[in-house]
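**Q** One structure coming up, written as structure tokens, with questions to follow.
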Amino acid sequence: MLKKTLIVLGTLLLSISVFSQTELAYKKGKFYALWGWNRNAYTNSNIHFKGNDYDFTLYRVKASDKQNKFSYHNYLQPNRITIPQTNLRLGYFIKDNLAITLGVDHMKYVVNQNQTVDISGNVRPGFESHVNDDNSIKLTEDFLMFEHTDGLNYINSEIEYYRNFYKKDFLKVNGLIGGGAGFLLPKTNATLMGEERHDAFHLAGFGLTAKGGLDILLWDLFFLRSEIKQGYINMPSIRTTADSSDKAKQTFWFVEWTYMFGFSWNF
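Numbering (our numbering), first residue to last: 740 to 1006.
Listed below in structure tokens is the structure:
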């Protein structure tokens, strides 16, 4: 997955360089705001859980995203627009074709239920029977449910570079590349070894990203945009129960595909 993503990003960069024109994509002083949605894929992750009476690691845990089925109710109804996996970003062009941004990538990360993974360490007394003789364990609901579904919130700042490679009348087609960093504020939904379900926001770690994309601008006002983003997530402090001493930590890579719309303007 990572290799394919890097190839795609490299192809986008090459395309922007080869087909660029002298026409500006965006001029200095422009602002933009966008809204959209995303799909994600995640690498397997080792997850370490630690509490007063347990300390164990699960290895190569598989997880998926959780995008809602498209409907007016889920995507466009004003009081439910944050239910799907969404993207919000504000940007300002500090130079011609060069923007700085602030945004939130509202992704969702769900550990696949009933998968069997390797385990090391000590589980809570009374749950030893869940561990198999070969040091594997099936992630059943009575042992662990673990997801960042409201969500895996990546709050970030990025720098973006644009190049125009087609213009006709009111239409511009631009390429873009960029990257950035930010912090993770997940609302982790976890049920762990008999504890009550815990679901609360918590500052958990940081992320780094690089991306490439395509931007279609109409009348220098309205645009449609799609991006492919590669990211690294490191969360050393994930809340899992009501007891603040119970924590989990994990790292993983992700690929995010976004499809968005927005407006650009000058003050």
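Even for Gly, the Cβ is constructed at its ideal location relative to N, Cα and C.
Assign Phe758 to one of two classes, buried (16 or more other C-beta atoms within 10 Å of its C-beta) or exposed (fewer than that).
**A** The sequence position of residue 758 within the sequence shown is 19, counting from 1. Summary for Phe758: the model assigns pLDDT 48, below 50, so the residue's position carries little reliability; its value from the coordinates is reported in the next sentence. So Phe758 ends up on the exposed side.
**Q** Tell me, to the nearest whole angstrom, how far the beta carbon of Ser1011 is from that of Phe962; I am working on the premise that it is less than 8 Å.
**A** Residue 1011 falls outside the range modelled here, since the chain spans only 740 to 1006, and no answer is possible.
**Q** Counting Cβ pairs closer than 8 Å, one from the region 955-969 and one from the region 923-938, do we hit at least three?
**A** Short answer: they don't touch.
**Q** Out of curiosity, what's the CA-to-CA distance linking Lys911 and Lys834?
**A** One-based indexing of the sequence shown puts residue 911 at position 172. One-based indexing of the sequence shown puts residue 834 at position 95. Cα to Cα, Lys911 sits roughly 18 Å from Lys834.
**Q** Using only CA atoms, which one of Leu841, Phe885 and Gln816 lies nearest to Asn826?
**A** Within the sequence shown, residue 826 is the residue found at index 87, counting from 1. Of Leu841, Phe885 and Gln816, the residue nearest in Cα terms is Leu841.
**Q** Quick one: is Tyr905 buried, meaning 16 or more other Cβ sit within 10 Å of its Cβ, or exposed?
**A** Taking the sequence shown and counting its residues from 1, one reaches residue 905 at position 166. The residue is exposed, with fewer than 16 neighbouring Cβ atoms inside 10 Å.
**Q** Kindly indicate which three-state DSSP category Thr975 falls into: helix, strand or coil?
**A** By 1-based counting over the sequence shown, the position of residue 975 is 236. At residue 975 the sequence reads Pro, which differs from the Thr that was named. The answer is strand: DSSP assigns Pro975 an E or B state.
**Q** Among the candidates Gly790, Phe1000, Tyr900 and Gly860, whose CA atom is the shortest distance from the CA of Ala981?
**A** Translated into positions along the sequence shown, residue 981 becomes position 242. Comparing Cα-Cα distances from Ala981 to each of Gly790, Phe1000, Tyr900 and Gly860, the minimum goes to Gly790.
**Q** Taking 8 Å as the threshold (C-beta atoms), are Ala987 and Phe788 in contact?
**A** Within the sequence shown, the letter at position 49 stands for residue 788. Within the sequence shown, the letter at position 248 stands for residue 987. For Phe788 and Ala987, yes; Cβs fall inside 8 Å.
**Q** How many whole angstroms separate the CB atoms of Pro823 and Asn807, which I take to be in contact at a CB cut-off of 8 Å?
**A** By 1-based counting over the sequence shown, the position of residue 823 is 84. By 1-based counting over the sequence shown, the position of residue 807 is 68. Rounded, the Cβ-Cβ distance is 4 Å, consistent with contact.
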